[in-house]
Amino acid sequence: MIQVPEAAIGRLSPAWRYCVGTGRFELALRRDYQESLALIQQEIGFRHIRGHGLFSDGVGVFRPYEHRGSRLVRHAFTYVDQVIDAYLALGIRPFVELGFMPSELASGDQTVFWWRGNITPPSSTREWIDLIRATVAHLVDRYGLDEVATWPMEVWNEPNLPSFWLDADQDAYHHLYEVTASTVKDVDASLQVGGPALAPGSSADEWLKRFAEFTAARGVPVDFVSRHAYSSGPARHVPFGTIQDLAPAATLLEQFAAPRRQLAGTALADVPVHITEFNSSYRPDNSVHDTGFHAAYLAPVLAAGGDLVDSFSYWTFSDVFEEIGVPTKLFHGGFGLLTHRQIKKPTYHLYAFMARMGEEILARGDDHLVTRDTDGRVAILAWAPVDLTGHSLRLSVPLDSAAAFVLQSSVSEVKGNAWAAWCAMGRPASPRPRELEVLREVAEPYRKHWSLPVERGRVTLDLTLEQHEVTLVELSPVAGS
């Protein structure tokens with residue numbers, strides 16, 4: 068039996084919901100995107116949102132023109148304002164990624180993704196500096212310095228990969244970082260700027276070490292360090308899909324811990340560390356993202372990740388996402404917590420369960436997290452380890468009451484699993500309206516309630532979990548008991 072202590076052993080870090088990822092910037096103009104984000108915010112409540120493509124052509128910020136024989140540039144923020152206004156109205160702030168390169172400022176034509184984000188350095192450092200200054204100054208003017216100072220600004224994305232930064236040229240990235248970070252600070256010293264947003268892999272360690280050495284030697288501002296974490300192996304492609312091997316979920320926690328270890332003894336040892344992307348697979352067409360397995364796989368990561376970093380941002384909140392093109396069917400292995408028709412996946416519920424946890428940690432283990440609210444409610448998140456076909460737990464939980472009201476919410480491969488229902492429907496690529504209604508209904512967690520006696524200040528709770536089940540059990544004191 069797990070004896071849950073009465074005294075708290077710590078406080079639950081909010082790092083798990085500090086930020087969430089999104090598809091490219093201008094997708095936020097779509098109604099279905101905003102409806103999806105509204106649902107996410109209502110039931111989970113992320114603090115920041117990060118995505119690619121702020122300066123890509125579809126957003127229309129960088130607008131050069133010829134006048135009297137001279138090249139001039141207008142900076143237009145029409146879409147930027149619409150997107151950020153929508154974010155703030157939904158209670159979420161930008162985590163600003165400064166990239167990619169506008170095609171008319173680019174030094175080459177190399178691109179990434181279906182929507183062609185340009186990955187080359189600027190052809191004119193002066194025009195890039197002007198773009199950064201104009202953008203940051205506009206944000207401060209429109210939203211106020213106190214507000215924008217809460218928005219981290221990250222320079223580029225995964226420059227250690229040649230698919231995201233031309234030739235993965237670290238010296239060229241260091242130059243870009245220096246002029247960008249200095250320009251942000253020129254607007255106001257209180258603004259947050261950081262990087263280098265490294266992809267996981269063998270190159271990340273050396274890149275981070277050199278980044279710390281470069282910024283210290285040059286006196287370049289770094290308010291936070293960022294990197295990414297994924298646990299999948301190389302992709303084996305099938306038509307409209309991907310198969311990959313997954314390392315144990317502990318691999319993600321090891322990647323979270325790496326920057327602190329690598330930066331020990333450097334000038335960046337004490338700066339915040341943000342994992343600005345994490346997931347199991349780095350591919351948006353791997354069906355693991357849609358499964359009950361995925362929620363159970365990530366549960367220990369959400370339970371423990373906040374001990375290691377200041378934030379870890381799930382990539383992404385929705386399947387409204389087009390890096391490899393428009394999705395060809397409803398469930399296609401997209402990153403999202405939601406499908407592109409606002410159908411909740413099991414991992415969505417893992418996050419919604421986390422949002423119900425209390426502030427005080429009473430106990431934590433390989434298969435459980437126990438918290439308590441200020442009103443005495445105890446919340447238990449438990450999961451079946453993914454290498455088991457089932458799992459049982461018995462807990463003795465302190466509760467200041469004569470009786471407990473128990474509410475249990477669960478997802479698994481059969482409970483709260485719209486993907487399983489969609490498969491049983493015959494995997495319709497474009498479900499009809501009634502089919503979508505059914506999928507939304509079966510996507511909700513299985514719930515049950517009962518009462519338990521409190522004996523000598525404790526409740527005994529027995530839990531039997533199915534394969535890949537994640538469950539939230541809430542114990543509330545019964546008033547007047």
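Residue numbers (the numbering used here): 68 to 548.
Note that CB positions come from ideal geometry on N, CA and C, so glycine has one too.
Between the segment 370-388 and the segment 452-470, the count of C-beta pairs closer than 8 angstroms stays below three; the two stretches do not touch. Taking a contact to require three or more Cβ pairs closer than 8 angstroms, the segment 390-409 and the segment 491-499 qualify as touching. In this structure, the straight-line span from the alpha carbon of THR527 to that of TYR418 is close to 26 angstroms. About 6 angstroms separates the beta carbons of ALA449 and LEU530, which is inside the 8 angstroms limit, making them a contact pair. PRO189 has its alpha-carbon roughly 46 angstroms from the corresponding atom of MET424. Where ILE151 is concerned, the enclosing alpha helix (DSSP H) starts and stops at 145-156. By the Cβ rule, the segment 161-173 counts as touching the segment 116-125, because three or more pairs are nearer than 8 angstroms. GLN259 sits in coil when the DSSP states are folded into three classes, being neither helix nor strand.
Rounded to the nearest angstrom, the gap between the Cα atoms of TRP181 and ALA75 is 49 angstroms. The residue from GLY443, ARG78 and PRO263 with its alpha-carbon nearest to that of ASP290 is PRO263. Excluding five sequence positions before and after VAL207, the CB atoms of its chain that fall closer than 7 angstroms to its own CB belong to VAL215, VAL254 and ASP255, given in chain order. If you draw a 10 Å sphere on the C-beta of LYS515, you find fewer than 16 other C-beta atoms in it, and that means exposed.
The beta carbon of PRO367 sits closer than 6 angstroms to the beta carbons of ALA316 from its chain, once the five residues preceding and following it are set aside; these are given in chain order. In this structure, ASP377 is the residue among ASP377, LYS252, ALA363 and ALA204 with its C-alpha nearest to the C-alpha of ALA82.
Ranked by Cα distance from VAL140, the options ARG130, GLN149 and VAL147 are led by ARG130. By the beta-carbon neighbour count (other beta carbons within 10 angstroms, threshold 16), THR192 is exposed.
Under the three-pair Cβ rule at 8 angstroms, the segment 431-439 does not count as touching the segment 468-487. When rounded, the separation of the alpha-carbon atoms in SER80 and ASP374 is 7 angstroms.
In this structure, the CA atom of SER477 is about 9 angstroms from the CA atom of HIS416. With a minimum length of 4 residues, the unbroken runs of alpha helix (DSSP H) contained wholly in the segment 209-291 fall at 212-215, 237-254 and 269-285. Cα atoms of GLU110 and PRO413: separation of roughly 14 angstroms, rounded to the nearest angstrom. For the pair PRO326 and VAL540, the Cα-to-Cα distance works out to about 34 angstroms.
For ARG439, the enclosing beta strand (DSSP E) starts and ends at 435-439. Cβ atoms of VAL128 and ILE199 stay farther apart than 8 angstroms, at about 11 angstroms. Per the coordinates, the alpha-carbon of ASP454 lies some 9 angstroms from the alpha-carbon of HIS535. In the three-state scheme derived from DSSP, where H, G and I count as helix and E and B as strand, HIS134 is classed as strand.
Cβ-Cβ separation between GLU389 and GLY90: approximately 6 angstroms, consistent with a contact (criterion under 8 angstroms).
In the DSSP secondary-structure assignment, GLN70 is bridged to SER463. Unbroken beta strand (DSSP E) runs of no fewer than 3 residues, entirely contained in the segment 339-421, are found at 340-346 and 378-381, following chain order.
Exclusion of the five residues before and after PHE278 leaves PRO263 as the residues of its chain whose Cβ lies within less than 6 angstroms of its Cβ. In this structure LEU106 does not touch GLN149 by the C-beta definition: roughly 20 angstroms separates them, more than the 8 angstroms allowed. Secondary structure at VAL521: coil, using DSSP grouped into helix, strand and coil. In this structure, PRO465 sits near GLY524, with a CB-CB distance shorter than 7 angstroms.
Membership of LEU539 in the beta strand (DSSP E) is indicated by the continuous run 537-544. Here the C-alpha atom of THR202 lies approximately 9 angstroms from the C-alpha atom of VAL147.
Less than 7 angstroms divides the Cβ of ASN227 from the Cβ of SER270.
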